[in-house]
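One structure is given here, and the rest of the page talks about it.
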Amino acid sequence: MFYIFLFYYLMLSFSCAQDPVANLRQGRIIGIKVFTESTLTPIEVYYGIPYAIPPIGRHRFLAPVRHTGWERTFFARRIPPHCPCEEDPDNDNASEDCLFLNVWTPRPTEGVALPVVVLLYSESWTRGGTTLPCQELAGEGVVVVTVSYRLHLLAFFTLKSKSARGNLALLDQYLALVWIRDNIAAFGGNPATITLLGHSAGADSILYHLVSPRSTGLFHRAILMSPQYIWQTIDEKSTNNQTYRISQEIVRVLGCNDNGESDIINCLQTRPLSDIIALYPNKTWSKYLHPIPDDFLPDSEQFLPVSLVTALSQAKRKQKPIDLLLGTNDIDALNYNDETYAELNNLSPLHISKIADSRIIPKLLQMLSLGAAEDFPVLVKAIRWEYWNDVPQRLTNINEAIEKVAKLETSAKWDAGGALLAARIARIAARLYVYRYSQPGGVDLYGRYMNFSGATHGTNLVSLLGNPMIMQIARRLATADEKQISSLFRKIIINFIKHGRKPVTGWCACNVRSGCVSTSSTKCKRYTFAQATFPSLFSFR
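Structure follows, in structure tokens:
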């Protein structure tokens, strides 16, 4: 019996010896190894490392608290649960205990520290996204970290007080960045060369970290891919009071409207999670759940002393020693997870054009503060003529009609909005580079093939992560063309992560005086149209 026990003990020891090990301040962890197509060197992966104590019970709605660690070896081999979110297709793998991060590292030779990229991703402030496989990215010689953070009511509920301050998604990210600074060397990473890479709401998150005094020094470069709320960084239509009003309404609906604030918080913290998630489908509420200034807190505890718009517009020139890369897709508006495009996909081309006239164009003009303009009918007609040539009845293809609507919306939000945002960022970043991803076709973040003439929302992130991502979401191998595009795009991004300089020869940095978008290119036609039609919007000073 003793020899049998000894045999299994030695086999277990041998097996563990083959697995990657990292020794952290929190304790010892064991991960797994995976291989990539691009290199024979294995990538070490550590899943589900807790960076904060579980935000449950009396910690619900509170700022995250650093995880204290563990006594026994922590086996980081399973993909952790994600935070509860709106319209979750993988609800069975969601948990309120969700403050984890994952690490991919090629583990360099002794004495060599690799650049680090921290990937922040969620579709919006209320909706999450798929788990991202990052081994191909790590195979390029960088340490990759993905971070899970709270969303929806659990992140942005606020009573404008210390006990319910809001902005918890950003505070979760902040604590994760502190953890990465303190621990990434154990994975072969260099804490002095950390790049934040955000997609969708993850890109918006980076803007808040860029202006927050709390996040200063925690990252050194940043890449913003397809910011979801790009116009809210430009226009001062504040939702602060709406967020507070909705939070009070939530208190009432959950039956927690007691007299004292401490009683209210205690009631909310003891409510079943299912009661809170049941409120997520309320679109009227969810559209106002955003970060807000926390100037109601003592100065030492504030994360966002002023609104993002104010911080960007009033910032001093070149105050951040950070290189930044800002990119959008040429049909970024086209996202079938957006209820508008899900609806359009079931309509005729003529019906789509009527919805564009009656709903989409007026809504965009309202966003541009032109909804009450005297020449509103003329603006509608000009936009309609530019994108529809005033003959929508000739359209017979649904995809063509949807693409016209998407290009119209992309022009207003991501083309014009991106140019305005770039002008503001250029004031404070050391160097800013701007790109547009325009590869047609490809799959979106849910594995759906997008048969359009340009790049739709999410296809850039799929291209960056390559074959493992396509296998995960589309259940197939990447084609030769997809692999080629992925390799080219990834090399541009990796070059910026490693060196922070212009990714391609002749790619000039953006500056306020000369402008951030060249209008001589035919690809900038939509930006040029917006600049000519709405000149008052393009005052960069």
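If you count by mature numbering (1 follows the signal peptide of the UniProt record, and there is no 0), then the sequence shown holds residues -17 to -1, 1 to 524, one letter each, in order. Even glycine gets a Cβ: it sits at the ideal position worked out from N, Cα and C.
task: Kindly indicate the opening and closing residues of the alpha helix (DSSP H) around M452.
output: 450 to 457
- request: Taking 8 Å as the threshold, find out whether the segment 96 to 107 comes into contact with the segment 177 to 184 through three or more Cβ pairs.
  value: yes
message: Measuring alpha carbon to alpha carbon, tell me which residue in A159, D187, A46 is nearest P174.
response: A159
C-alpha distance - Q1 paired with T56, whole-angstrom precision: 15 Å
query: If you drop the 5 nearest sequence neighbours on each side, which residues of the same chain put their C-beta closer than 7 Å to that of G498?
result: At G498 the pLDDT is 49, less than 50, meaning the model places this residue with poor confidence; the figure from the coordinates comes in the next sentence. Hits under 7 Å: none found.
message: DSSP three-state label for T442, please.
response: helix
query: Which full runs of the alpha helix (DSSP H) of 4+ residues lie inside the segment 93 to 157, going along the chain?
result: 118 to 121, 136 to 139
message: For A169 and F58, what's the separation of their Cα atoms in angstroms?
response: 16 Å
field: Start-end ranges of the beta strand (DSSP E) lying completely within the segment 287 to 357, minimum 3 residues
entry: 303 to 312
message: Measuring alpha carbon to alpha carbon, tell me which residue in L295, P98, P38, S107 is nearest N320.
response: S107
query: Where in the segment 228 to 259 do unbroken runs of the alpha helix (DSSP H), each at least 4 residues long, occur, reported from the N-terminal end onward?
result: 244 to 253
For R90 and V4, the rounded distance between their alpha carbons: 11 Å
task: In the DSSP assignment, find the unbroken alpha helix (DSSP H) run with L6 in it and report its ends.
output: The displayed chain sequence assigns Asn, not Leu, to residue 6. Note, N6: premise wrong, no alpha helix (DSSP H); beta strand (DSSP E) at 4 to 6.
message: For N443, which residues in the same chain have their Cβ closer than 6 Å to its Cβ, ignoring the five residues on either side in sequence?
response: M208, N312, Y420
- request: Taking all protein chains shown into account, decide if G94 is buried (16 or more other Cβ within 10 angstroms of its Cβ) or exposed.
  value: exposed
query: What is the rounded straight-line gap between the Cα of I13 and the Cα of R60?
result: 7 Å
Of the listed residues H65, I366, V126, nearest to V28 (C-alpha basis): V126
message: For P98, count the other beta carbons within 10 Å of its own beta carbon; 16 or more makes it buried, fewer makes it exposed. Which is it?
response: buried
Cβ neighbours of L291 in the same chain (closer than 8 Å, five flanking residues each side left out): L190, Y191, V194, Q215, T216, P274
message: For G112 and L317, which I take to be in contact (beta-carbon distance under 8 Å), what is that distance rounded to the nearest angstrom?
response: Contact doesn't hold; Cβ gap of about 17 Å is too wide.
C-alpha gap between L309 and K299, whole angstroms: 20 Å
- request: May I ask you to list the residues that DSSP assigns as paired with L428?
  value: Answer by DSSP bridge pairing: none, since L428 is not bridged.
message: Measuring only the C-alpha atoms, how far is A205 from E326?
response: 35 Å
query: DSSP state of P264, grouped into three classes?
result: coil
field: Nearest candidate by alpha-carbon position, reference N76, set S131, F286, A186, P332
entry: S131
message: Taking 8 Å as the threshold (C-beta atoms), are T51 and L84 in contact?
response: no
task: Could you check which residue in I36, G40, D218 has the C-alpha nearest to that of M350?
output: D218
query: In terms of DSSP beta bridges, what is F83 paired with?
result: P33
Per-residue DSSP class, three states only, for V48: coil
- request: Pull up the DSSP beta-bridge partners for G181, would you.
  value: L103, L207
- prompt: Does the beta-carbon of P264 have 16 or more other beta-carbons within 10 angstroms, so that it is buried, or is it exposed?
  reply: exposed
task: Spatial neighbours of P288 within its chain, please: CB distance less than 6 Å, with the 5 preceding and 5 following residues excluded, ordered by chain position.
output: D278
- prompt: Going by alpha carbons, who is nearest to P304 out of I411, R228, I248, W397?
  reply: I411
Reference V417; option with closest CA among I167, K266, K481, L403: L403
field: Buried versus exposed, by CB contacts within 10 Å (16 or more), T379
entry: exposed
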